[in-house]
Every structure is written in structure tokens, then in C-alpha cells.
Amino acid sequence: MQDILHNERELLCQVAAGEQQAFTTLVAAYSSRIYAHVLTYIKNAPLSEEITQDIFLQIWHHRQDLPGIVNFPGYLHIVTRNRTISELRKKLERLGGSAEDAEKDTLTPLRQLEYRQLSDVLLRGIELLPPRRKQVFRMSRFEGMSYDRIANELGISKGTVNEHMVQALLFLRSYLKSHMGTVLSLSFLLSAPL
């Protein structure tokens, strides 16, 4: 697997060119990690397997974008997170509830207070970012846009988008540490990639 990851850029270019063997290699390198991550939240093995397959199908359908992805594991983490959240929302709708209802039911009053406080601190930190960095951060984390799409919409390079994100995350982690006493993190926002 180290060789696969070492030659990741070349592998992504081959997948983008439609080479199925390269895609099979990519799936073999990452599918078990994605499946384990999805299973952690979905708690249903067959459905987690289906979601994992859907994620790779989505990657195949958008393979032309792969050469432009700077951090493929990070990209894969975002795609996995978004697909998992989407499935959890569907599950809530089938059960007749909403995301707010589920949050109220699963979080104790103390946890709700901690979550609100952390969210408030994080939002204050985001507001302190320079305007362009704040815009890039919101587009990436809140709107789920790819670095390529952000670069195109803002008329900047993808490297600049990446630099804005690196600096924003470093600042926000530091801001959270200094304003929360203990390090708490919003896993859906600041978590490390798979």
C-alpha cells in the first residue's frame, strides 16, 4: 500500500483517464478505511458496504476532477463524511424526525450547552479570519465545495485555496485551545482525514 500511496498522483491521473485497473487499485487502497468509518456511524454492515460502493461510484463519475485534488485522503474524508451525513438524515426522515429532534434526544442538557458554547467560540474564531480566508473556509467546510470549484469561483489558484485552508485550520485550532481551556473539537469540521 505504501507504493500505491507514494504514486498517488500518478494513480489519480490514470483513474482520471478512465483506466479501470488503476481505479481497482485505488478502491483496494482505501475501501476498508472508508467502510470502517461509515460503519462507525451507520451501525449497519450491508448499508455501510453499499455506501462505500456509492462513494467510489461517485469518485468514478467525477474522475476527471481527480488530478486537481491536492490532498486525496482529505478529499475522500469529506466525500465520506457528506455521504454518511446524508444517509443519517434520510434515516431520520424515514423515522419521522428531524435533525434537530435527534440532536435534542441524543444530547444531554450538559452536552447541548457544551456544544453550543463550542459552536459559539468557533463561529467567533471564523469571523476573525481575513475576509478571503473566511470565504474560502466557509465554501469548503459549510458548503462542501472542492478546492477546484472554490478556485474557479473565486478566480484564484488551487494552491492559494489550499494555503487559505491550512492557515484557517491552524488559526481555528489555536483559537479553540485558547478559548476553551481543554481541547474540544468539532469532528465534522476540524477532524483529520481518513
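Mapping the sequence shown onto full-length UniProt numbering, position 116 (from 1) lands on 116, and the numbers just tick up by one. Idealized CB from N, CA, C, for every residue including glycine.
Between V70 and Y175, the gap from beta carbon to beta carbon reaches 8 Å or more.
G74 places its beta carbon 8 Å or farther from that of K158.
By the 16-neighbour rule on beta-carbons within 10 angstroms, S86 is exposed. Contact annotation: the region 133-142 touches the region 150-167, with at least three C-beta pairs closer than 8 Å.
Remark: fewer than three beta-carbon pairs, one from each stretch, lie closer than 8 Å, so the region 43-52 and the region 60-67 are not flagged as touching.
Taken in chain order, the whole alpha helix (DSSP H) runs of length 4 or more contained in the region 2-37 are 2-6 and 8-16. Using a Cβ distance threshold of 8 Å, T80 and I34 count as a contacting pair. Residues A22, F23, L26, R63 and L66 of the same chain have their beta carbon placed closer than 7 Å to that of V15, with the five preceding and five following residues left out of the count.
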